[in-house]
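Chemist:
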Amino acid sequence: MVDTRTPAQRRRIMQSVASQNTGPEMVVRRLLHSLGYRYRLHDRRLPGTPDIVFRKKKKAIFVHGCFWHAHDCPKGRPPRSREEFWQEKRKKNTERDARNIAELEVEGWSVLVVWQCETKDRQTLSSRLTAFVDNAENPIDESDSSH
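Using the UniProt record's numbering, you'd call the opening residue of the sequence shown number 1 and step up by one each time.
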């Protein structure tokens, strides 16, 4: 299938996609703040520049967009145009994500991935965030963080 946008339109659309302070990230940040947690944002000293960082606890949270990080949910479906391009792009993103998480864990950090689609159920998300931040060890099963 051919792209339905002109190159100029596609470029403008792609340039408007934010990598920080996204809607899902803001949901997680506001929820953490309302629960009484204080944190740092986008620590460039850490692999992958996690979205939310609890330095003293050595805990990092990535808030991933389902599309960009190839989540297995309806929002994560690839487009039907330029399939080869998108398959390669999303593959590189997921490989980079895995590499960054592995580097953080080697450095002694616990990592939680929150998916865009998970921000809709605030009660479940709240419980998951509280369990992650409060527990001395990461309570999240490995399979849970990589949906």
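Even glycine gets a Cβ: it sits at the ideal position worked out from N, Cα and C.
The structure displayed is predicted, hence computed values, not measured ones.
Give the DSSP-derived three-state secondary structure of F67 in the structure shown.
Modeler: Counting from one through the sequence shown, the residue named residue 67 turns up at place 67. F67 falls in the coil class under three-state DSSP.
Chemist: So A70 and R96 are in contact, right, with Cβ under 8 Å, and what is the actual spacing, rounded?
Modeler: Looking up residue 70 in the sequence shown gives position 70. Looking up residue 96 in the sequence shown gives position 96. Not a contact, Cβ separation roughly 12 Å.
Chemist: Do you know offhand how far G108's Cα is from D134's?
Modeler: Taking the sequence shown and counting its residues from 1, one reaches residue 108 at position 108. Taking the sequence shown and counting its residues from 1, one reaches residue 134 at position 134. Distance between the alpha carbons of G108 and D134 is about 16 Å.
Chemist: Cα separation between W86 and L129?
Modeler: Indexing the sequence shown from 1 puts residue 86 at position 86. Indexing the sequence shown from 1 puts residue 129 at position 129. Roughly 31 Å separates the two Cα atoms.
Chemist: How about the segment 108-123 and the segment 58-67: do they share at least three Cβ pairs that are nearer than 8 Å?
Modeler: A contact exists between the segment 108-123 and the segment 58-67.
Chemist: Who are A60's beta bridge partners in DSSP?
Modeler: Taking the first residue of the sequence shown as position 1, residue 60 is located at position 60. According to DSSP, which records beta bridges pairwise, A60 is partnered with V53 and V111.
Chemist: Where does the unbroken alpha helix (DSSP H) through G76 begin, and where does it stop?
Modeler: Counting from one through the sequence shown, the residue named residue 76 turns up at place 76. G76 -> no alpha helix (DSSP H), and no H or E assigned at all.
Chemist: Going by DSSP, what residues sit across from R122 in a beta bridge?
Modeler: Translated into positions along the sequence shown, residue 122 becomes position 122. R122 is not bridged to any residue.
Chemist: Helix, strand or coil for L32? Go by DSSP, reduced to three states.
Modeler: Translated into positions along the sequence shown, residue 32 becomes position 32. Three-state result, L32: helix.
Chemist: Using DSSP with H/G/I as helix, E/B as strand and the rest coil, what is S143?
Modeler: Residue 143 sits at position 143 when you count from the first residue of the sequence shown. Per-residue confidence for S143 stands at a pLDDT of 36, beneath the threshold of 50, marking its modelled position as unreliable; no derived number is given.
Chemist: Within 10 angstroms of its Cβ, does R77 collect 16 or more other Cβ (buried), or is it exposed?
Modeler: Within the sequence shown, the letter at position 77 stands for residue 77. Exposed.
Chemist: Who does R44 pair with in a DSSP beta bridge?
Modeler: Mapped onto the sequence shown, residue 44 falls at position 44. Beta-bridge pairing links R44 to no other residue.
Chemist: According to the Cβ coordinates, are L35 and S126 closer than 8 Å?
Modeler: Along the sequence shown, one-based indexing puts residue 35 at 35. Along the sequence shown, one-based indexing puts residue 126 at 126. For L35 and S126, yes; Cβs fall inside 8 Å.
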